[in-house]
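Reading through the structure tokens given below for one structure.
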Ligand code: MN
């Protein structure tokens, strides 16, 4: 400790910090903190605060605040370095190298929080923003550093321009003070609130402060006298403890006046005392003592030791009739309870020499919660605990809309989930997405605090493929719903074509059947309208030939040879016409259609081996022909035998790509000593395209054989 800087005024406050740290940290841990101070002082050299002081005084003050709460040395080190990455040329790597990964992660966490901006003032928005901040932190100490940082910035706010001051004060009251409160850190909450109040409403603050000051002169006398009475009485009973005349918290007085519309005098003419003793038994003993000195006010005694408050606060509260009937509010608690009341979650970072420090920060936060849970005996507090838990260990992420609204989404949600969360129409019509102004694929997973923008197009439709990556029920339901609608219109179209074609085989047509016969037929079949009939035929739930004969009034089924006209397919029928994955038919192939209940028509090649399996149901076969000019690509499979030479696969792939075909999949079917069998799944437009690819591949010197076979 030879290098310990002296506690002079020009030491940037580091001398005082060291004094505080020495009181609870072992000496060897101070070395790293001094190194951090030296590192920071050099990095920030030449920078000044708006107040004119050297910049390094700010991070040292932040560290001091955390030292007062007895935080561990890693948190203190990170506090000293918290602005280094943002504001100086030092990098995160420098910090990792000099101070280790843990400190670097803490500094990085604080920098990330600094980057998100709070815009709107709406209450729900503030609530979401607080949750987003908590969701972003992986280590609770990050938020403790951030709160201490904000506190010191508030303490030195005077030198800023007026509108900036107001904005920061507002943000402190809306975001930071409630977070401190959430985590039970009373000492930070109280200071943040008073400073926020002071800068947001300077006039109201001054009036209130002056009024309190005026009454303080006489008040101080009374407080001093009564404190002495308590101390003496305790001494007589051999109780060791501390009596503190409690300070009024200006913002809480202001809030009480504003919310409960009470007069200032009602609130301030109350004297507050806190008695801190060694153990729980002494608390109750001391309670009896003060009740003996002054008469207790009926109905005002609260035992928060037996039944703690929901944020873990424990204390005995009582109000006494003091001299001249002045009410005296007295809190009695142990040192440990006092520390928890002041430091909340931070009290779990108190350095404990006997405890191994292998507990992760998250585990400590959980421990704190578990402690709270253990303390709780009332039902309502469970909800509170549950909500704190969700805040601290969220399964949600929070992202911004382009307007700055915050949208909560489950972890792993994608841009499509976001689009549906904004509005079903946006989801249905989305074609592209931007994250922080850059285009990204729709399947991109969102991260906390990103700004997401969805690009829509009129007439765009949801893609069934999205179902493979969306996370939210809303998106999934909307896509399925859309597909179901799509399927029913597509299948109705196909069914109508199938029926009409089959009727024509029978020398009839839908027109010739006419409305009257149709209506009677629908009634007989128990269907509500034409569309339902067409849909069932299209989906293969009702067979076209049978239905056609029924409609045409032909009962005997002996004339099935008339099945001549073909269904013309163009590959644009949508979900009701699909292409079998056993034989991969492409335009130009001889094909057949097989009606599968619920899936519409599946197209197979005539040479497909699976055809024999379906032979038992000739009534389900439809003759099919290809449309003349088909403008889309079809999947198709080819096999190659190649010599085992390095780079062969890449050569074949390049040849295929040169024929403007995409390879969807490559599979190694087998490998012999000098020869490999590969299978390629390609995209081709038709047989001519495929023939060209096979020709080119076959002409390669390392390729022995190319083939396309059935199934
Ligand atoms: Mn800072």
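Numbering (this note's numbering), first residue to last: 215 to 925. Built from N, CA and C at the ideal position, the CB exists for glycine as well.
With contacts defined by Cβ atoms closer than 9 Å, residue 342 and residue 622 form a contacting pair. Scanning 281, 314, 733, 824 for the CA closest to the CA of residue 238 turns up 281. Here the stretch 803-822 makes no contact with the stretch 730-739; the two share fewer than three CB pairs at distances below 8 Å. Checking the 8 Å criterion, the Cβ of residue 356 is out of range of every heavy atom belonging to ligand 1. Of 825, 669, 784, 823, the smallest CA-CA separation from residue 844 is found for 784. Only residues of its own chain outside the window of five on either side were considered, and among them 664, 665 have a CB closer than 7 Å to the CB of residue 650, listed in chain order. A straight line joining the alpha-carbon of residue 448 with that of residue 435 spans about 20 Å. The beta-bridge partner set that DSSP reports for residue 458 consists of 488.
Non-local C-beta neighbours of residue 419 in its own chain, meaning closer than 6 Å and more than five positions away in sequence, comprise 411, 412, ordered along the chain. Within its own chain, the residues whose Cβ lies closer than 7 Å to the Cβ of residue 800, once the five positions on either side in sequence are excluded, are 848, 850, 898, 900, 901, 904, listed in chain order. Taking 8 Å as the cut-off, the C-beta of residue 679 does not count as close to any heavy atom of ligand 1. Take residue 441, set aside five residues on each side of it, and the residues of its chain with a beta-carbon closer than 6 Å to its own are 457, 459, in chain order. Annotation for residue 288: the continuous alpha helix (DSSP H) segment containing it runs 287-294. Inclusion of residue 613 and residue 398 in the CB contact set at 9 Å is not warranted, their separation being larger than that value. Less than 9 Å divides the Cβ of residue 451 from the Cβ of residue 503. Rounded to the nearest whole angstrom, the C-alpha separation of residue 877 and residue 883 is 16 Å.
Contact annotation: residue 748 and residue 706 have beta-carbon atoms nearer than 9 Å. The beta carbons of residue 422 and residue 464 sit about 6 Å from each other, so the pair counts as a contact at 8 Å. Excluding the 5 residues flanking it on each side, residue 690 has same chain C-beta neighbours closer than 7 Å at 681, 684, in chain order. Leaving aside the five residues that flank residue 269 on each side, the residues in its chain whose CB is nearer than 8 Å to its CB run, in chain order, 258, 261, 262, 263, 297, 301. Remark: C-beta atoms of residue 356 and residue 320 approach each other more closely than 9 Å. Nearest C-alpha to residue 468 among 408, 841, 505, 454: 408. One thing to note: residue 857 has its Cβ no nearer than 9 Å to the Cβ of residue 893. Under DSSP, residue 620 takes part in a beta bridge, and its partners are 614. Residue nearest to residue 366 within the set 885, 908, 273 is 273 (criterion: CA-CA distance).
Ranked by how close their Cα comes to the Cα of residue 496, the residues 390, 836, 455 have 455 in first place.
Judged by pairs of C-beta atoms under 8 Å, the stretch 666-679 does not touch the stretch 707-720, as fewer than three such pairs exist. Taking a contact as a CB-CB distance under 8 Å, the pair residue 530 and residue 547 counts as one, their CB atoms being some 7 Å apart. Under the three-state reduction of DSSP output, residue 259 falls in the coil class, being neither helix nor strand. For residue 542, the three-state secondary structure derived from DSSP is strand.
Remark: three or more beta-carbon pairs, one from each stretch, lie closer than 8 Å, so the stretch 347-361 and the stretch 321-330 are flagged as touching.
Taken through DSSP and simplified to helix, strand or coil, residue 401 comes out as helix. Residue nearest to residue 672 within the set 654, 703, 640, 688 is 640 (criterion: CA-CA distance).
Beta bridge pairing from DSSP links residue 646 with 669.
Annotation: the continuous beta strand (DSSP E) that includes residue 806 extends over 805-810.
Secondary structure of residue 841 (DSSP, three-state): coil.
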